[in-house]
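Counting in the numbering used here, the sequence shown runs from 8 upward without gaps.
For glycine and all other residues, C-beta sits at the position ideal for the given N, C-alpha and C.
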Amino acid sequence: MPAVVPSGFRPCQPELMPLKSSFSVAVAACFAASITLIQASAFAASNADTSNPQQVGQSPQAVRVAVAGGDGHLKASMLETASGDARFAMQWVAGNRDNEGMPFVIVDKKSAQMYVFEADGRLVNSTPVLLGAGFGDASVPGIEKRDVSSLRTEEKTTPAGRFVSEPGRNLTGEDIVWVDYGAKIAIHRLRPDASLRLRSQRMASSEPDAKRVSAGCIVVPVAFYEEVVKPMLGKRRGMVYVLPESRPVQNMFGAYDLSLSQP
Numbered sequence: 008m009p010a011v012v013p014s015g016f017r018p019c020q021p022e023l024m025p026l027k028s029s030f031s032v033a034v035a036a037c038f039a040a041s042i043t044l045i046q047a048s049a050f051a052a053s054n055a056d057t058s059n060p061q062q063v064g065q066s067p068q069a070v071r072v073a074v075a076g077g078d079g080h081l082k083a084s085m086l087e088t089a090s091g092d093a094r095f096a097m098q099w100v101a102g103n104r105d106n107e108g109m110p111f112v113i114v115d116k117k118s119a120q121m122y123v124f125e126a127d128g129r130l131v132n133s134t135p136v137l138l139g140a141g142f143g144d145a146s147v148p149g150i151e152k153r154d155v156s157s158l159r160t161e162e163k164t165t166p167a168g169r170f171v172s173e174p175g176r177n178l179t180g181e182d183i184v185w186v187d188y189g190a191k192i193a194i195h196r197l198r199p200d201a202s203l204r205l206r207s208q209r210m211a212s213s214e215p216d217a218k219r220v221s222a223g224c225i226v227v228p229v230a231f232y233e234e235v236v237k238p239m240l241g242k243r244r245g246m247v248y249v250l251p252e253s254r255p256v257q258n259m260f261g262a263y264d265l266s267l268s269q270p
């Protein structure tokens with residue numbers, strides 16, 4: 008149950024986003040002066056599928072996602088081991104500067120992994136996350152009027168989409184990051200309650216399905232919240248991209264992609 012609506016908060020608006028072109032992501036890490044660049048290039052227009060009008064007439068583009076700092080090798084490894092969906096989203100957001108100058112987050116529901124980026128596209132860190140117990144990419148209708156305790160397992164979904172996050176507090180006064188205020192979805196710490204032991208075990212599991220235990224919120228380890236989420240998103244707005252699990256990620260970004268090309 009959410010607390011008071013944050014001042015100036017814009018309700019999160021998930022966006023169906025059609026694929027601009029077929030991407031073949033070739034990731035190469037190069038290290039220089041503690042900065043590692045992960046570079047991916049798109050297929051040339053001549054390689055586009057001419058049977059698909061969404062893929063015709065698009066020019067190739069090269070996009071860079073950077074990682075900086077003394078642990079550049081570790082961060083490069085995080086990007087290299089990311090799923091194809093996550094890498095696609097990283098390249099798309101960075102290439103289109105869709106984050107609007109804000110720090111941004113990519114939540115890959117299929118792998119139960121979250122990536123946090125600086126506003127300029129540099130990877131800050133990544134972490135396993137706990138997600139909604141229910142499979143699906145939309146919140147159930149009327150969830151804003153429901154108490155969390157009344158939700159059935161299949162209704163405890165983490166909605167997919169593009170959201171403007173907002174720092175705030177819940178009814179207990181805990182500082183959190185609202186992702187979708189209306190649907191009561193937030194990024195928050197692993198809490199020291201009766202579920203702590205079980206949730207800690209689930210967080211440590213190598214199986215993504217084991218991490219589907221929340222009521223819909225995106226739950227991160229306490230240290231990650233304090234060291235990464237709070238500094239990056241705890242005092243300002245950010246952009247959060249929750250990748251779908253019931254449809255191709257390209258479909259999510261594709262419709263939004265077309266809107267960028269409109270005059």
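One thing to note: I194 has its Cβ within 8 Å of the Cβ of I183. The beta carbon of A126 lies closer than 8 Å to those of N106, G108, M109, P110, F111 in the same chain, with the five residues before and after it left out. Between I225 and M97 the beta-carbon gap is near 17 Å, outside 8 Å, which marks them as no contact. V235 sits in a helix when the DSSP states are folded into three classes. Between R219 and L158, the CB-CB gap reaches or exceeds 8 Å. The beta-carbon separation of V136 and V227, rounded to 6 Å, stays under the 8 Å limit for a contact.
The three-state reading of DSSP puts V100 in helix, counting H, G and I together. In the three-state DSSP reduction, A167 falls in the coil class, being neither helix nor strand.
Assignment of beta-bridge partners to A222 by DSSP yields no partner. Separation of Y248 and A167 (C-alpha to C-alpha, rounded to the nearest whole angstrom) is 7 Å.
Remark: C-beta atoms of S172 and G245 approach each other more closely than 8 Å.
Secondary structure at D216: helix, using DSSP grouped into helix, strand and coil. Nearest C-alpha to I150 among P255, A222, R204, V235: A222.
G180 counts as exposed, since fewer than 16 other beta carbons sit within 10 angstroms of its beta carbon.
With a cutoff of 8 Å on beta-carbon distance, F124 and V114 are scored as not near each other.
F95 and E214 have their C-alpha atoms some 22 Å from each other.
Under DSSP, the beta-bridge partners assigned to F111 are F124, M246. For R204, there is no enclosing beta strand (DSSP E); the enclosing alpha helix (DSSP H) has its first and last residue at 203-211. The beta carbon of Q208 is closer than 6 Å to none in its chain, skipping five residues each way along the sequence. For I194, the enclosing beta strand (DSSP E) has its first and last residue at 192-196. With a cutoff of 8 Å on beta-carbon distance, T164 and G143 are scored as near each other. Between L197 and R206 a beta carbon distance of about 6 Å is seen, short of the 8 Å cut, so the two are scored as contacting. Burial is judged here by how many other beta carbons sit within 10 angstroms of a residue's own beta carbon; S212 has fewer than 16 and is exposed. A119 counts as buried, since at least 16 other C-beta atoms from the protein chains shown sit within 10 angstroms of its C-beta.
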